[in-house]
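Residue numbers (the working numbering): 1072 to 1280.
Written as C-alpha cells, this is what we have:
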C-alpha cells in the first residue's frame, strides 16, 4: 500500500531486541573448558587457546554496541516509519543477526584470508545500511524533527567512515592481511577528527551528539 506507515515504537523495540540478542550470542563462541581440559592444562594455557575467540567477542561486541547507539541516535529524529525506513532497518538487522556467525567463522580461521574477508563483508553490509538510514532520514524529515543540516552531515560522514574502513579491510585482507586486521582502528581516529571538526558547529546549534 502506497504511503503505508508503521508503528515507530514497535519497530524500535523490535530492533533493540535484535541488537541485544545478537550481542548476547557472541559469547557462545567462547567454549567453556571441560573438566578433563581443566585437569590437563593450566588456566593460562586454556585462556591462551581462546584468545582468537576473545578478540572476536570484544571487536564484535564493540561494533554492535556502536551501531546500536547510532541506531538510537538517528531513530530519535524519525517522525514516522515508512516502507523505505522499514526496509533499510530490516536489512541492517539481518546483517546484525549474521554477525555472531561471521565472528565465529573468522575466529575459527583466525589467520586465514577468506574468513576475515567474509567478516569484513558482514561489517561493510551493516555499515552500508546504517549509512542509507543516516542519509535518508534527514531528507525524509526535512528538518521538522530537529535534525539540522549540520547534524545531518555529521551523521552522514560518521556512518560513511565505518563503511569505507570495513570495505578497505576486506580488500586488504588479501593483500596485507596483518594491516587489514588493524585497519579498524582508523575508525576511531577518523571519528575523533570528525567530532573535532563539527563540535563547534553542533554546540552553536545546541545539538547534543
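Cβ coordinates follow ideal geometry from the N, Cα and C atoms, glycine included.
Note that the coordinates shown come from a computational prediction; the quantities given were computed from them, not determined experimentally.
DSSP places residue 1255 outside both helix and strand once states are collapsed to three, so it counts as coil.
Remark: fewer than three beta-carbon pairs, one from each stretch, lie closer than 8 Å, so the segment 1078 to 1086 and the segment 1096 to 1111 are not flagged as touching. Runs of the alpha helix (DSSP H) lying entirely within the segment 1120 to 1146, each at least 4 residues long, are 1122 to 1146 in chain order.
Around the beta carbon of residue 1120, fewer than 16 other beta carbons sit within 10 angstroms, so the residue counts as exposed. In the three-state reduction of the DSSP assignment, residue 1162 falls in the helix class, which pools H, G and I. In the DSSP assignment, residue 1152 is bridged to 1077. In the three-state DSSP reduction, residue 1247 falls in the coil class, being neither helix nor strand. In the three-state reduction of the DSSP assignment, residue 1181 falls in the coil class, being assigned neither a helical nor a strand state. Counted as a single uninterrupted DSSP element, the alpha helix (DSSP H) harbouring residue 1109 occupies residues 1106 to 1111. With respect to residue 1172, residue 1199 sits apart: the two C-beta atoms are not nearer than 7 Å. Between residue 1088 and residue 1135, the C-beta gap is not smaller than 7 Å, which leaves the two residues out of contact.
Less than 7 Å separates the beta-carbon of residue 1258 from that of residue 1236.
Residue burial annotation: residue 1140 is exposed, with fewer than 16 other C-beta atoms found within 10 angstroms of its C-beta. CA-CA distance, residue 1186 to residue 1193, rounds to 11 Å. In the three-state reduction of the DSSP assignment, residue 1216 falls in the coil class.
In terms of Cβ geometry, residue 1189 and residue 1181 do not form a close pair [threshold 7 Å]. In this structure, residue 1248 lies away from residue 1155, with their beta-carbon atoms at least 7 Å apart. Distance between residue 1196 and residue 1216, taken at the CA atoms: about 27 Å. For residue 1202, the closest alpha carbon among the candidates 1225, 1219, 1075 is that of 1225. Counting only the Cα atoms, residue 1149 lies some 22 Å from residue 1269.
Straight-line measurement puts the Cα of residue 1145 at about 8 Å from the Cα of residue 1204. Residue state for residue 1102 is assigned as coil, using DSSP reduced to three classes.
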